[in-house]
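Working notes for the structure below.
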Amino acid sequence: MIWDLQVKARVGPLDLDLRLQSDVPVLLVIGPNGAGKTSLLRLIAGVRPLDAGHLRVAGRDLAPAPPEARRIGYVPQNASLFPHLTALGNVAFGLHALPRTARAARALALLAAVDAAHLADRLPRALSGGEQQRVALARALGPEPAALLLDEPLAALDVTGRRALRQHLADRLARDGRPALIVTHDLRDILALPGEVVVIEAGRVVQRGPAAALATAPASAFVEELFSPLRAGAIASAERDAARPTDPPEVLSF
Amino acid sequence: MPAPDRRLQPADVLGVALLVVLLLPVVALLATTSAAELRAGLAHPLAAPALALSARTTAASLAVVLVLGTPLAWRLAARPAPGLVEILVSLPVVIPPAVLGVALLATFGQQGLLGGSGLPFTEAAVIVAQVVVAAPFYVQGAAAAFRKVDADLLLVARTLGAGRARTFFGVALPAALPGLLAGAALAWARALGEFGATLLFAGNLSGRTQTMPLAIYTALEADVGVARALSLLLAGAAVGVLVLVWSLPRLIGRSP
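Going down the list, the protein sequences come from chains L and E.
Each residue of the first sequence is one higher than the one before, counting from 37 in the numbering used here.
Each residue of the second sequence is one higher than the one before, counting from 33 in the numbering used here.
As C-alpha cells, then:
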C-alpha cells in the first residue's frame, strides 16, 4: 500500500475527515474551493498534529514525526521561495545534510534538471511564476523526499509555461515512481498526468478512480461539471490532445 | 476608497493646515539657527557628554529591546489574532512618560516594590526608562512583520529538514527583516527622544544621566542658542532615522 491516510482534523470552519488508501503512486486531488485540499497537503507536511488518524506513505507513518523528519517534498501553491535567497540558495537550503562544498554543485544539478540552471543567481522576485515553480520543485526534490506534495503546481503559469512544466512533471513522475499528491483545478492536468483522481468535497473523499471512469459516472455535481467538456464522446480526443505537446482548446480551461 | 480627484477640496485646506503646524517648527528651527551658532552650541560643555551618553544608552536600550522583544514578537505573531498580551505590551505607548517615571520609581525607588535596588539616578536607570518607552514600538512592528511571513515558507523550511531554530534564523528572521528594521528604527528614535520618564527616574545629572533631550532642557535656561543647536542635531538624527526606515527595504533589495 503506497498511500494509507486517515485524517481527522478541524481546520478553521472545515471538518476534515477522510480516509484514502491507494496503490497508485500519483494521486490527483481535485475538489471545489474550501474542500480541504490544501489543508490535507499541509497536514501531511506536518503543519500541526492530526486530531486523530495516521499518515502512512509506503508503509511508514509520518504522523508522529516532526515535519523535518517526514521526508516530504512540499511545493505550495505560490511556490513560497525564500525571498532573501537566490534560486541556488533556495535549493541549497534543503541540502544541509551534504558537506558544505558539495551543496552548490548538487543544487545546480537539481536546477539543471528543471531547466533552471541559468536562473541560479536570481532572487525569487526576479523570476516569473513558472520559473518560481520550477525552482520550488527542484528545492523540494533536493533532499530525495519519500513523497512529493504539489499544490496547483501549474496554476501560476501562462499557457506555454504550463504545457512545458506539465510535460516535465508527467515524464518525471512516470520515470521515478515517487509517491506524489498533486492538487489541481485543471482538467488538462488530470488528463495529462499519470495517476488516480481523488475528489474531495467538504473534507471528505467523494469519489476516486481513473479520469475516464469519473467522466462517465460522476458521483457529484462538481465532478460532472469538471468533466462536462469531455461529454458527447470527446474523452478520447481530449486525451489525445493532452498527450500531444499541443494544448487542448482553451474551452477546457477552468 | 475615494476616487482620486485633483480639484481642491475643503479636506485639502484642513490637511495643509495640519502639515503647516507639523512642519513650521522644524523650518523655524532651521531658519533661526546660524552655522556659527550650531558650531558654538556643539562646542558647549553640555553637548559632548550628553551626546556620548545618548549614543551609549540608546545603543544599550536598543540591544535589550531587540534581544527580548524579538522572541516575544515571534510568539505573538504565531497566534491567530492580537490579544491581551498585545494590549499590555502597548500600555507604555498610552501612559504618559512622566507617569512611567513615577511608576519606575515606585518599582525601583527607595520605598519601591523592589526597593533598595540602587537603580534610580544611574545610567542604568536611563536605559531602563528607554527600554520601557521604546519596546512597544519594536514589538508591535516586529509582530506585524512576522505575521506577514507566509506560513507555507516556514512549513517548507521544516520539510526541507530545518528544525525550529534554523527555520527561525534562516527563514523567518530574514523574511521579516525589513519590518524588523523599521520597528527597530522607530524604537531607537523613541528612546533617543525620551525625556519625561528619564527626568523623573534617572534625574538630570550632567555626564551621568543627562541625555540629549535633558541637555536641551538645561541649556534652554541659560542660552537659547545652545538649546537650538542641540535640538537641530537631534532633529537631524530623527530625520536620518525616518529616511533610513523609508529606504531600508530598497537598500536590501526588498519591499517591506
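We put the beta carbon where it would ideally sit given N, CA and C, even for glycine.
With residue i as the anchor, note down where its beta strand (DSSP E) starts and where it stops.
i, result
"L:E237", "232–237"
"L:R244", "240–245"
"L:A88", "88–93"
"L:L98", "Per DSSP, L:L98 belongs to no beta strand (DSSP E) and is neither H nor E."
"L:G109", "108–111"
"L:L217", "216–219"
Nearest to residue i by alpha carbon, out of the options?
i, options, result
"E:V96", "E:A216, E:L83, E:L232, E:A269", "E:A216"
"E:S203", "E:D184, E:Q172, E:L218", "Per the sequence shown, residue 203 of chain E should be read as Val rather than Ser. The option with the nearest alpha carbon to E:V203 is E:D184."
"L:A249", "L:G239, L:G231, L:A238, L:E237", "L:G231"
"L:L63", "L:A153, L:A238, L:A206", "L:A206"
"L:A182", "L:T196, L:L79, L:P215", "L:P215"
"E:I248", "E:L186, E:R111, E:P206, E:A79", "E:A79"
"E:S149", "E:F140, E:P42, E:A157, E:S93", "E:F140"
"E:A219", "E:L62, E:A72, E:P168", "E:P168"
"L:V93", "L:R84, L:A115, L:R107, L:G125", "L:R107"
"L:L173", "L:E237, L:L86, L:A123", "L:A123"
"E:G272", "E:A214, E:V258, E:A166", "E:A214"
"L:R170", "L:P85, L:R202, L:I218", "L:R202"
"E:L62", "E:W278, E:L265, E:S279", "E:L265"
Hey, how far is the Cα of residue i from the Cα of residue j?
i, j, result
"E:G67", "E:V256", "It should be pointed out that residue 67 of chain E corresponds to Ala in this sequence rather than to Gly. Going by the C-alpha atoms only, they are around 15 Å apart."
"L:S264", "L:L227", "13 Å"
"E:P81", "E:G239", "5 Å"
"E:L136", "E:L224", "18 Å"
"E:V163", "E:R222", "10 Å"
"L:A138", "L:A145", "11 Å"
"L:D222", "L:R158", "29 Å"
"E:T89", "E:F178", "27 Å"
"L:A251", "L:L77", "25 Å"
"L:A153", "L:L131", "17 Å"
"L:R199", "L:V83", "31 Å"
"E:L232", "E:E155", "13 Å"
"L:L288", "L:V195", "Because L:L288 carries a pLDDT of 40, less than 50, the predicted location of this residue cannot be relied on, and the following value inherits that uncertainty. Cα to Cα, L:L288 sits roughly 12 Å from L:V195."
"E:T241", "E:L123", "25 Å"
"E:V171", "E:I127", "17 Å"
"L:T282", "L:L229", "With a pLDDT of only 48 at L:T282, under 50, the local geometry of the prediction cannot be trusted, and the value read off the model is given with reservation. Whole-angstrom Cα-Cα distance: 15 Å."
"L:K73", "L:A81", "13 Å"
"E:L85", "E:A251", "16 Å"
"L:P285", "L:A247", "Summary for L:P285: the model assigns pLDDT 42, below 50, so the residue's position carries little reliability, and this model does not support an answer."
"E:G268", "L:A238", "59 Å"
"E:L70", "E:A259", "10 Å"
"E:V45", "E:L56", "16 Å"
"L:V259", "E:L120", "51 Å"
"E:L212", "L:D51", "36 Å"
"L:R244", "E:G193", "32 Å"
"E:P77", "E:L262", "12 Å"
State yes or no: is the beta carbon of residue i nearer than 7 Å to at least one beta carbon in chain L?
i, result
"E:G115", "no"
"E:V203", "yes"
"E:G187", "Strictly speaking, residue 187 of chain E in this sequence is Leu, with Gly absent from that position. Taking Cβ atoms only, chain L reaches closer than 7 Å to E:L187, which makes this a yes."
"E:G211", "no"
"E:G272", "no"
"E:A207", "yes"
"E:D44", "no"
"E:L280", "no"
"E:T191", "yes"
"E:G195", "yes"
"E:D255", "no"
"E:L51", "no"
Taking residue i as part of the alpha helix (DSSP H), name the residues at either end of that continuous run.
i, result
"E:I248", "244–254"
"L:D187", "Looking at the DSSP string, L:D187 is not in any alpha helix (DSSP H); the run it does join, the beta strand (DSSP E), is 183–187."
"L:A45", "That residue, L:A45, is in no alpha helix (DSSP H); its beta strand (DSSP E) goes 39–47."
"L:A138", "136–149"
"L:H204", "195–212"
"L:N361", "Past the boundaries of the shown model lies residue 361 of chain L; chain L is included only from 37 to 290, so the question cannot be answered."
"E:Q41", "Neither: E:Q41 is in no alpha helix (DSSP H) and is coded neither H nor E."
"L:R175", "165–177"
Should residue i be flagged as near chain E, meaning a C-beta pair shorter than 7 Å?
i, result
"L:G245", "no"
"L:H221", "no"
"L:E104", "yes"
"L:S116", "yes"
"L:A128", "no"
"L:I108", "yes"
"L:V47", "no"
"L:V83", "yes"
"L:H120", "yes"
"L:P179", "yes"
Whole alpha helix (DSSP H) runs in the segment 100–176 of chain E with 4 or more residues, listed along the chain? Counting whole runs of 4 or more residues, the segment 100–176 of chain E contains the alpha helix (DSSP H) stretches 116–126, 129–140.
Threshold first: 3 residues or longer. Then list the beta strand (DSSP E) segments lying entirely within the segment 50–82 of chain L, N to C. Taking only runs of at least 3 residues, the beta strand (DSSP E) segments lying wholly in the segment 50–82 of chain L are 50–58, 62–66.
Can you list, in chain order, the stretches of the alpha helix (DSSP H) that have 4 or more residues and sit fully within the segment 43–109 of chain E? List check, alpha helix (DSSP H) in window: 67–75, 79–109.
Can you list, in chain order, the stretches of the alpha helix (DSSP H) that have 4 or more residues and sit fully within the segment 185–246 of chain E? For the segment 185–246 of chain E, whole alpha helix (DSSP H) runs of length 4 or above, ordered along the chain, are 196–199, 205–225, 228–234.
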